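Only one structure is covered here, and it is reproduced in the block below.
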Amino acid sequence: MLWTDNMLIPALAAHKKNAEMIMNYYYDPKVAAEVAAYVNYICPVEGAKAEMEKIDPALAASEFIFPSAATLDRTYVFKALTPEQGDKYEREFQTAIGN
3 MLWTDNMLIP ALAAHKKNAE MIMNYYYDPK VAAEVAAYVN YICPVEGAKA
53 EMEKIDPALA ASEFIFPSAA TLDRTYVFKA LTPEQGDKYE REFQTAIGN
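Numbering (our numbering), first residue to last: 3 to 101.
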């Protein structure tokens, strides 16, 4: 994993389908390009770079939003946790926040 941006649906959500619909909306390339143009943050959505060209060609060329393969080759990735490690960190986090 190189970067992460999370959207979650609570397990007991009353309107799960609506949450799924908004998530799908943000993964539409046109919408993803609009969001990336506003936040200037890495955009992992396939097709968003082509849509960004229509909004702002300079942003479409930005390594901060659409890093090239050469840039990605110089990055470091997060270590993937095993299920046991994830459970341990979750327990420790819950203790830290008072649960």
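The C-beta atom is built at its ideal place from N, Cα and C for all residues, glycine as well. Owing to the predicted nature of the structure, the values given are computational and were not obtained by experimental measurement.
Apply the 10 Å Cβ neighbour rule to Ile67 and answer buried if 16 or more other Cβ atoms are within range, or exposed otherwise. On the sequence shown, position 65 is the one that residue 67 refers to. Buried is the call here.
Determine contact between the stretch 14-23 and the stretch 46-59, defined as no fewer than three beta-carbon pairs at a distance below 8 Å. Because the criterion of three Cβ pairs below 8 Å is not met, the stretch 14-23 and the stretch 46-59 do not touch.
Nearest-angstrom Cα separation, counted from Val37 out to Arg76: Start at 1 with the first residue of the sequence shown, and residue 76 comes out as number 74. Start at 1 with the first residue of the sequence shown, and residue 37 comes out as number 35. So the alpha carbons of these two residues sit roughly 26 Å apart.
Let me know if Leu10 comes out buried or exposed under the rule of 16 or more other beta-carbons within 10 Å of its beta-carbon. Here residue 10 corresponds to residue number 8 of the sequence shown, with the count starting at 1. Per the 10 Å Cβ criterion, exposed.
Could you tell me how far apart the beta carbons of Ala35 and Tyr28 are, in whole angstroms, since I believe they sit closer than 8 Å? Looking up residue 35 in the sequence shown gives position 33. Looking up residue 28 in the sequence shown gives position 26. Between the beta-carbon of Ala35 and that of Tyr28 there is about 11 Å, and that puts the pair past the 8 Å contact cut.
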